[in-house]
Every structure is written in C-alpha cells, then in structure tokens.
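One gets the numbering used here by counting positions in the sequence shown from 1 and adding 7 to each. Here the structure is laid out as structure tokens; the discussion comes afterwards.
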Amino acid sequence: MRGSPEHAVLQRLVSMRYLGQWRSLTVEMGSGLGALREAVARFHEEHEREFAFRRDDAPVEIYQIALKAVGTTPKPAFAPHQRVVGFRPEPRLMRPVWFEDTEWVDTPVYDRADLPAGTVLAGPAIIDQLDSTTVVPPGTRAEIDDWLNILIHVTEATR
8 MRGSPEHAVL QRLVSMRYLG QWRSLTVEMG SGLGALREAV ARFHEEHERE
58 FAFRRDDAPV EIYQIALKAV GTTPKPAFAP HQRVVGFRPE PRLMRPVWFE
108 DTEWVDTPVY DRADLPAGTV LAGPAIIDQL DSTTVVPPGT RAEIDDWLNI
158 LIHVTEATR
C-alpha cells in the first residue's frame, strides 16, 4: 500500500562540531538510552577520518538535529497501447529534404499524434511533433512501439 509505514525508514541525524569550530559533521543517531553518547563517539571517529585529527577531551556542541523519512514507492506500470496492424498514415505534406547520399528527396512529413502503435514508416520520412522533429533517413525504417516510442531500424551500415 502506498505511503504505508512498512515502506518508510526514519533516520535520526545530528550535526555536531567541536566548540568554537565552524565546520560540522553529520552522523546518524540511534534511539534510547546512550544514543547521544554513541553519536558523540561516532562524531569523533568521523572527524578523525575526515580531518585527520580528533579531540576526545574537547566539548562537542550540537549544531542541528534532523529527522529524515525515506520511503519507497512501487514502480509505475505503463499500459501498452493497442497496436494497429497494417495502418498506412497519410503524410501531412511532402517537402524536399537534403540527404548526403541521395541529395534532395521529396520526403513525406507525418504528424506524430497521427501515428498509433504498430505504425511502420520506410525512410525517408520526417515525423513532426510540438517539441521535436525525428528524421528517418533513407535505408532505415521507423516503427512506433507499444509505448509510442519511435524505434529506427538501420538496415545497412553507413560509412
């Protein structure tokens, strides 16, 4: 169930520093009796690891206390779209497009919104949508998969 307590982990964190220092270190803090003493010991260990010295006899001050809740959520499941077999879309228009190996080619331009799952287009073709344009070069084939991705299959190696 989404948001249930068994999918959450609570982390108690405490940032400490030696009295008079400006840099602090954050360590995890447990719960119950002795948790603060254990956190201070962890602070001394981390300070030595991070800064190559420790001062076990120096007063330690708490700079910040935090409680962090980390939850897991189930991955979303996207439903595939129904394939339309044998669909032949009509191009919105034809326009000349320059391809290096073939020079100018009258190329069909398709509206992306008009291409359902299962659509196959032989290159050359242009697929236009609001935020991008996809070029399907000559010698390739574009296929709209079950999640409406455009897959371009290259049938021969180029250069």
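All C-beta atoms, glycine included, are put in the ideal place defined by N, C-alpha and C.
When burial is assigned at 16 or more other CB atoms within 10 Å of the CB, is residue i buried or exposed?
| i | result |
| --- | --- |
| M101 | exposed |
| A120 | exposed |
| G27 | exposed |
For residue i and residue j, I'd like the C-alpha separation in whole angstroms.
| i | j | result |
| --- | --- | --- |
| H160 | K82 | 29 Å |
| I151 | V112 | 23 Å |
| T17 | A42 | A small fix is needed here, since residue 17 is Leu in this sequence, not Thr. Answer to the nearest angstrom: the Cα atoms are 15 Å apart. |
| I157 | K75 | 41 Å |
| D138 | D118 | 12 Å |
| D153 | A86 | 9 Å |
| Q136 | P96 | 15 Å |
| I133 | T109 | 16 Å |
Between which two residues does the alpha helix (DSSP H) holding residue i run?
| i | result |
| --- | --- |
| F50 | A42 to F58 |
Output the boundary residues of the beta strand (DSSP E) element that contains residue i.
| i | result |
| --- | --- |
| T114 | E110 to D118 |
| W105 | L100 to F106 |
| Q18 | A15 to Y25 |
| V92 | Segment: none, V92 is in no beta strand (DSSP E) and carries neither H nor E. |
| L128 | V127 to A129 |
Original post:
Per the contact definition of three or more C-beta pairs closer than 8 Å, is the stretch 36-49 in contact with the stretch 80-98?
Top reply: Contact between the stretch 80-98 and the stretch 36-49 is absent, because fewer than three Cβ pairs lie under 8 Å.
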